[in-house]
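**Student:** Residue numbers (the working numbering), protein chains in the order written: chain A, 1 to 345; chain B, 346 to 995.
Glycine is no exception: its CB is placed at the ideal position from the N, C-alpha and C atoms.
Quick one: this structure, given as C-alpha cells, is what I'll be asking you about.
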C-alpha cells in the first residue's frame with residue numbers, strides 16, 4: 001500500500017493507483033473531461049491538474065501514479081485559474097449552440113462551463129474550416145463542437161480494437177478522421193464516450209432532448225449476448241438507444257444493431273398481424289386462423305410423411321425460455337429431434 | 346569575450362544592452378556559434394530554455410511571433426492548452442506584428458503563456474511559451490511600442506527544427522518520442538513505420554544498440570530513462586510474430602541509377618534500403634556467406650539471434666536489392682570494375698581486423714592465439730576455434746572483449762578470464778553486459794596488462810601480466826594506467842584472445858586510383874555528404890569513423906544514400922539545413938542533466954525478464970526476453986515526450 005495525503009485527508013491505496021482514483025476513493029472529486037473509466041488515461045483535457053508539495057509543476061491526476069508520502073492539493077487559486085483558462089480556450093472553437101445540440105442537458109463541457117461561470121467566448125483565433133469525414137452515415141461528426149478529448153479514438157482502439165478513427169492534422173486544425181475507413185463497424189462506441197455533442201447519431205437528431213425522454217432499461221433482442229441498453233422513449237416513440245457505462249455484460253458497449261437498429265419498431269412495413277396466402281396473395285388473418293392453419297398443415301405432413309419430415313429452426317433473437325419451449329414443442333408435440341438454431345450455422 | 350546582447354537561456358538573464366562591447370557579461374549557460382551555414386550568420390536563437398540575441402536589429406516581437414507560430418505548427422493537438430492556447434498566442438502576436446495590436450493583448454499573452462507552460466501535456470507546450478514570457482518581461486517596451494505604433498513589422502528570416510534530447514543524441518535522429526507514443530497508444534504498426542522511416546533494422550538495433558538516446562532521456566532526471574531500446578525491439582518482434590513483413594513507402598527519384606555497395610553490414614544495408622526506396626538499382630558485394638557484417642560476425646546469437654538480422658536483410662532484398670555473397674572486393678571483383686559499371690559506389694567495409702597488442706610473438710601464429718574478431722567470427726559460424734583449449738584469457742575492455750568471454754562459456758570453455766588495464770569504471774563496454782558476464786562467472790582481472798606471451802612447442806600456455814595503477818587523466822579524460830614495476834605475475838591459459846581494438850583493412854583500394862585515406866587508416870570523406878575525394882565513391886561506417894557503433898554506421902549509410910541520389914540527379918552536394926541544425930545543437934545542447942523539471946518521479950523502468958545465468962551460459966539462446974504488449978505500453982507511458990523547437994534568426 002502507498003500512503004499519501006489529498007487535501008489534508010490521509011489515504012492508503014494500492015501501488016500503481018493514480019492520484020485521480022485515490023482521490024475518488026477518498027471521496028474527493030477532481031474535475032475531468034477526457035478521463036473515462038473504461039479507457040487508459042488520455043491526459044488531453046488538463047482539467048485534473050493537481051499540485052504536489054515540493055514540485056514546481058502541476059501534475060495531471062488521471063495519469064500520475066501515487067508515490068509514497070506525497071501531499072496533494074486538488075483545489076487552489078492557481079489550479080482553478082488553469083482549469084478556467086483551459087475551458088475558455090475550448091470555447092475558442094466550440095460554439096455555444098447548446099440550444100440546438102442533441103447533447104444539451106447531459107454535456108460534460110456544458111456542466112463545467114456552467115460550474116466555472118464562464119459567460120461566453122473570450123479568446124479568438126483565426127480558423128480554417130476544413131471538411132472532416134467520418135466513416136459512417138449513421139454517425140454525425142461536428143468538427144466545431146469536437147474538443148479533441150480523444151475519447152472516441154481511444155475507445156475505438158482500446159474497447160473495440162479497431163482503430164478506425166484517429167486524430168489527424170496538427171495544432172488548432174486537428175480533427176477526428178477516419179484513418180482506417182474500412183475498419184469502422186458503425187458500432188457507435190465513439191458516440192457513447194463523447195462528452196460533448198461532437199458525435200451524434202443521424203437517426204435521432206432533433207427528436208427529443210435528453211431530459212424529456214424516458215429511458216427504459218432492457219435487454220437487446222438481436223442476439224443471445226444479453227447486452228443491456230436503455231430505450232429512449234419520447235411521446236411513446238423510440239428516439240434512440242443509449243447505454244450506461246459499466247452496466248451489464250456489455251459494460252456500456254453495443255454493436256451497430258443494438259445501437260442503431262431500432263427503427264424497425266416504428267416501420268410501416270413491419271408485420272403486426274399474421275398473413276395467409278390465398279391465390280398467390282397475402283391476406284390479413286387473425287391469430288386463431290393462422291395458428292389453426294399451421295397446426296392443420298403440420299398434422300397433415302406428419303400423417304403422410306412422418307414426424308421427421310418436419311424440422312424446427314429457432315431464432316437467436318429468442319430468449320432462452322422461448323428456445324426451450326420450441327424444442328419441447330418439436331420433441332413432445334411434433335415428435336422429432338430435428339431441431340437447430342441459427343446461431344450454430 | 347562574448348558578442349551576445351541578451352540571453353535568458355536556462356533562466357539566467359544576462360542583459361548587455363547599452364553596454365560597451367568590451368564590458369559584455371559572459372553567457373555561462375550556452376554558447377551560440379556565429380554561423381549556421383556557410384555565409385549565414387546566426388543573429389538570434391530562440392528555443393526551449395529561452396532566447397539569445399546577438400544583434401540589435403532582430404525584432405523581438407516578430408521573433409516571438411515566428412516562434413509561437415512554429416510551436417503551433419508542431420503542436421500535436423493532443424492536449425487542449427497547447428493545441429488552442431499556442432494558436433491564440435500565435436494569432437495575437439501576428440495581429441500585433443500587423444499593426445493591429447490592442448492594449449489588453451499583453452495581459453492575455455502573459456496569462457495564457459503561463460497556463461500553457463504549466464498545463465500542457467508535453468514539452469512542446471511546456472517549453473514553447475518560456476521565451477515569450479522572458480521577452481514580455483525583459484522587452485516589455487518593445488511590445489508596448491509595437492501595439493502603440495500600429496505599424497506593421499517586417500517579417501524577419503527564421504528557420505527552425507523540431508528535436509528532442511533523445512532524438513538529438515541518436516546519430517540517425519530517430520523520432521523516438523514519436524514511436525514511443527505510438528506504442529503507448531497501442532499503435533504498434535505505426536510505431537514500426539516511424540522507425541523504418543529511417544532504417545531497416547529495428548529488431549537488430551532493438552537488441553544491440555548502445556542507445557545514446559537513453560543517456561539523454563529527460564526522465565533520468567526524475568527516476569530512470571525510458572527503455573527505448575527494448576521498446577524498439579518490442580515493435581519489431583510484434584511485427585515478426587504477426588508475420589507481417591515490413592511495409593515501406595517508396596518515393597522514387599526523378600532519375601535513378603545503378604549503385605554498388607561494398608559490405609552488407611548495418612551501414613551497407615541501410616544505404617541499400619534508402620537507395621531502393623528512391624528507386625535505384627542496388628548491388629551489394631559481401632565477402633561472407635550471409636548478411637549483417639560485424640552485426641552478424643561479431644555479435645553472438647545470445648544477444649542478437651541470426652534470424653532477426655536475417656529477416657531484416659531479407660526485407661531489404663525483397664525491395665529489389667541484390668546481395669552477392671562470398672564476393673570479396675579486391676580479390677574476387679575489382680573495385681575499378683565495379684566503379685565502371687555503376688553510377689556511384691558506397692564503401693562500408695567496417696573495421697574487420699584486430700589492433701595488435703604490441704607483444705613479442707604476436708605474429709608467430711601460436712596455437713591458441715586467436716584475435717577477438719576472428720574468435721567471434723568462428724564461434725558465430727558455429728565452430729569452436731580451438732577445441733583443445735579449455736582455459737581462456739581475453740584481453741580488453743570493450744564490447745568485443747565481453748562478447749568473447751561470454752561466448753567462451755557457451756562453446757564449453759570452463760575457465761574464462763578477462764584482463765583489463767584500467768578498472769571497471771573506465772571499461773568502455775556496456776555496463777549491462779559487464780554485469781551479465783559477471784553473473785555468468787567470468788573472472789575479471791582489472792588493472793592488469795599482458796606483457797609477454799608464454800608458449801611451449803608453439804602453443805600458448807600462459808600470459809605474463811603486470812599490475813597497473815591509475816595515473817593522470819589522458820586525452821580521453823580517463824585516468825592513464827601506469828605499470829607497477831616488479832609486479833609481474835603469470836596467468837595460465839591455453840587460449841589467448843586479444844580484443845583491444847579493431848583496425849580497418851583497406852586492401853580493396855590497392856592498385857586502384859587514389860581514394861584518400863587519413864592518418865588513422867580510415868577513408869577520408871566529407872562529413873556532411875559522405876563523399877570521398879573521388880566524386881563517385883562514398884563511404885561511411887567503421888571504415889570512416891574507426892570502430893564505432895551500429896547506429897552510427899546506419900546514420901552514415903542513410904546520409905550516403907541521400908547524397909548518392911543527389912549525385913545521380915545532378916544536384917549539388919552540400920550540408921542540408923538538418924546538418925546545420927545538428928552542428929548548432931551540438932553547441933547549444935538539447936539535453937541538460939541539471940534541468941529542474943518539477944515533475945513527480947519515482948516510476949522506475951520495467952526490466953526485461955532474463956534467462957538465469959547458469960542456464961543461459963550453456964546455450965546461445967537469447968538471454969533477454971522481450972516486453973509483452975501491456976508491459977511495452979506501460980513502459981512507453983513513462984515517456985515525457987520532450988519534443989522542443991529550436992529556431993534561429995539569420
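1. Would residue 244 of chain A count as contacting chain B if we go by Cβ distances under 8 angstroms?
2. Which term fits residue 584 of chain B, buried or exposed, when burial requires 16 or more other beta carbons within 10 angstroms of its beta carbon?
3. What would DSSP say about residue 305 of chain A, mapped onto helix, strand or coil?
4. Select from the region 412-435 of chain B all residues with a C-beta closer than 9 angstroms to any C-beta belonging to chain A, and list them in chain order.
5. Using CA coordinates, which residue listed in B:736, B:811, B:359 and B:609 is at the minimum distance from residue 842 of chain B?
6. Could you tell me which whole beta strand (DSSP E) segments of length 3 or greater appear in the region 604-646 of chain B?
7. Compare the C-beta of residue 842 of chain B against all C-beta atoms of chain A and say whether one is closer than 8 angstroms.
8. State buried or exposed for residue 342 of chain A, treating a residue as buried only when at least 16 other CB atoms are found within 10 Å of its CB.
9. Does residue 882 of chain B come out as helix, strand or coil in the three-state DSSP assignment?
10. Look up residue 795 of chain B in the DSSP assignment and give the residues it is bridged to.
11. By the DSSP assignment, the alpha helix (DSSP H) with residue 992 of chain B in it spans what residues?
12. Contact defined as beta carbons within less than 8 angstroms: I believe residue 910 of chain B pairs with residue 620 of chain B. What is the distance between those atoms, to the nearest angstrom?
13. Who does residue 824 of chain B pair with in a DSSP beta bridge?
14. Taking C-beta to C-beta, are residue 672 of chain B and residue 630 of chain B nearer than 8 angstroms?
15. In or out: residue 448 of chain B buried (at least 16 other Cβ within 10 Å) or exposed?
16. Establish whether the CB of residue 35 of chain A and some CB of chain B are separated by less than 8 angstroms.
17. I need the straight-line Cα distance from residue 316 of chain A to residue 254 of chain A, nearest angstrom please.
18. Under the rule that 16 or more other beta-carbon atoms within 10 Å means buried, what is residue 832 of chain B, buried or exposed?
19. Consider the Cβ of residue 172 of chain A: report whether some Cβ of chain B lies at a distance smaller than 8 angstroms.
20. Report the neighbours of residue 532 of chain B on chain A: residues whose CB is nearer than 9 angstroms to its CB, in chain order.
21. Quick test of your reading: residue 914 of chain B and residue 599 of chain B, contact by CB under 8 angstroms. State the CB separation rounded to the nearest angstrom.
22. Rounded C-beta distance between residue 73 of chain A and residue 129 of chain A? I'm assuming under 8 angstroms.
23. Mind checking if residue 823 of chain B is an interface residue toward chain A, Cβ cutoff 8 angstroms exclusive?
24. How about residue 965 of chain B and residue 780 of chain B: are their beta carbons less than 8 angstroms apart?
25. Kindly indicate which residue of B:632, B:688 and B:638 has the alpha-carbon position closest to the one of residue 677 of chain B.
26. Within the 8 angstroms Cβ cut-off, does residue 587 of chain B reach chain A?
27. Counting pairs of beta carbons, one from the region 551-565 of chain B and one from the region 596-614 of chain B, are three or more of them closer than 8 angstroms?
28. Can you tell me whether residue 143 of chain A is helix, strand or coil according to DSSP?
29. Below 8 angstroms between beta carbons: does that hold for residue 176 of chain A and residue 38 of chain A?
30. Roughly how many angstroms separate the alpha carbons of residue 628 of chain B and residue 666 of chain B, rounded to a whole number?
31. On the DSSP bridge list, what partners appear for residue 12 of chain A?
32. Taking Cβ-Cβ distances below 9 angstroms as the criterion, which residues of the region 938-961 of chain B are in contact with chain A?
33. Any beta-carbon of chain A closer than 8 angstroms to the one on residue 463 of chain B?
34. Give the DSSP bridge partners of residue 80 of chain A, in chain order.
35. If contacts are defined as beta-carbon pairs under 8 angstroms, then residue 149 of chain A and residue 33 of chain A qualify, I think. What distance do you get, rounded to the angstrom?
36. Excluding sequence positions up to five away, which residues of its chain have a Cβ less than 8 angstroms from the Cβ of residue 125 of chain A?
**Tutor:** With the given structure in hand:
1. The residue you call residue 244 of chain A lines up with position 244 of the first chain. No, because no Cβ of chain B sits closer than 8 angstroms to the Cβ of residue 244 of chain A.
2. For this step, residue 584 of chain B is matched to residue 239 along the second chain. So residue 584 of chain B ends up on the buried side.
3. As a working note, residue 305 of chain A is residue 305 in the first chain. Helix at residue 305 of chain A.
4. 416, 417, 418, 419, 420, 421, 422, 423, 424, 425, 426, 427, 428, 429, 430, 431, 432, 433 and 435
5. Position 497 of the second chain, counted from the start, is the residue given in the question as residue 842 of chain B. Taking only the C-alpha atoms, the option nearest residue 842 of chain B is B:736.
6. 626-630
7. Position 497 of the second chain, counting from 1, holds the residue named residue 842 of chain B. Taking Cβ atoms only, chain A never reaches closer than 8 angstroms to residue 842 of chain B, which makes this a no.
8. Counting from 1 along the first chain, the entry for residue 342 of chain A is found at position 342. Exposed, because fewer than 16 other Cβ atoms sit within 10 Å of the Cβ of residue 342 of chain A.
9. For the purposes of this step, residue 882 of chain B is taken as residue 537 along the second chain, with counting starting at 1. The three-state secondary structure of residue 882 of chain B, taken from DSSP, is strand.
10. If you number the second chain from 1, residue 795 of chain B lands on position 450. B:810, per the DSSP bridge assignment.
11. What you label residue 992 of chain B is simply residue 647 of the second chain in a count that begins at 1. No alpha helix (DSSP H) contains residue 992 of chain B, which is instead part of the beta strand (DSSP E) from 989-994.
12. Position 565 of the second chain, counted from the start, is the residue given in the question as residue 910 of chain B. Position 275 of the second chain, counted from the start, is the residue given in the question as residue 620 of chain B. Contact flag correct, Cβ pair sits at about 7 angstroms.
13. The count along the second chain starts at 1 and reaches residue 824 of chain B at position 479. Checking the DSSP bridge columns, you'll see residue 824 of chain B partnered with B:818.
14. Locating residue 672 of chain B in the second chain gives position 327, counting from the first residue. Locating residue 630 of chain B in the second chain gives position 285, counting from the first residue. Closer than 8 angstroms, so yes.
15. As a working mapping, residue 448 of chain B is identified with position 103 in the second chain. Counting every other CB atom within 10 Å of its CB across the protein chains shown gives residue 448 of chain B a total below 16, marking it as exposed.
16. Locating residue 35 of chain A in the first chain gives position 35, counting from the first residue. Closer than 8 angstroms: no.
17. Position 316 of the first chain holds residue 316 of chain A. Position 254 of the first chain holds residue 254 of chain A. Cα to Cα, residue 316 of chain A sits roughly 17 angstroms from residue 254 of chain A.
18. By 1-based counting over the second chain, the position of residue 832 of chain B is 487. So residue 832 of chain B counts as exposed.
19. Residue numbering aside, residue 172 of chain A sits at position 172 when the first chain is read from its first letter. Yes, residue 172 of chain A counts as interfacial toward chain B.
20. On the second chain, position 187 is the one that residue 532 of chain B refers to. Within chain A, the residues near residue 532 of chain B are 157, 163 and 166.
21. On the second chain, position 569 is the one that residue 914 of chain B refers to. On the second chain, position 254 is the one that residue 599 of chain B refers to. Confirmed, Cβ separation roughly 6 angstroms.
22. One-based indexing of the first chain puts residue 73 of chain A at position 73. One-based indexing of the first chain puts residue 129 of chain A at position 129. At roughly 41 angstroms, the Cβ-Cβ gap does not stay under 8 angstroms, so residue 73 of chain A and residue 129 of chain A are not in contact.
23. As a first step, residue 823 of chain B must be located in the second chain, where it is residue number 478. Taking Cβ atoms only, chain A never reaches closer than 8 angstroms to residue 823 of chain B, which makes this a no.
24. Mapped onto the second chain, residue 965 of chain B falls at position 620. Mapped onto the second chain, residue 780 of chain B falls at position 435. Against a cut-off of 8 angstroms, the Cβ pair of residue 780 of chain B and residue 965 of chain B comes out as no contact.
25. Counting from one through the second chain, the residue named residue 677 of chain B turns up at place 332. For the options B:632, B:688 and B:638, the alpha carbon positioned closest to that of residue 677 of chain B is the one of B:632.
26. Residue mapping note: residue 587 of chain B aligns to position 242 of the second chain, counting from 1. No, its Cβ sits nowhere closer than 8 angstroms to a Cβ of chain A.
27. no
28. Residue mapping note: residue 143 of chain A aligns to position 143 of the first chain, counting from 1. The answer is coil: DSSP assigns residue 143 of chain A none of H, G, I, E or B.
29. Numbered from its first residue, the first chain carries residue 176 of chain A at position 176. Numbered from its first residue, the first chain carries residue 38 of chain A at position 38. If you check the CB distance, residue 176 of chain A and residue 38 of chain A do not come in under 8 angstroms.
30. Here residue 628 of chain B refers to the residue found at position 283 of the second chain. Here residue 666 of chain B refers to the residue found at position 321 of the second chain. Whole-angstrom Cα-Cα distance: 6 angstroms.
31. Counting from one through the first chain, the residue named residue 12 of chain A turns up at place 12. According to DSSP, which records beta bridges pairwise, residue 12 of chain A is partnered with A:3.
32. 941, 942, 943, 944, 945, 946, 947 and 948
33. Here residue 463 of chain B refers to the residue found at position 118 of the second chain. It does; some Cβ of chain A falls within 8 angstroms.
34. Residue mapping note: residue 80 of chain A aligns to position 80 of the first chain, counting from 1. Bridge partners of residue 80 of chain A: none, in fact.
35. On the first chain, position 149 is the one that residue 149 of chain A refers to. On the first chain, position 33 is the one that residue 33 of chain A refers to. Yes, they are in contact, since the Cβ atoms of residue 149 of chain A and residue 33 of chain A sit about 6 angstroms apart, within 8 angstroms.
36. Taking the first chain and counting its residues from 1, one reaches residue 125 of chain A at position 125. Excluding sequence neighbours, residue 125 of chain A sits near 92, 93 and 172.
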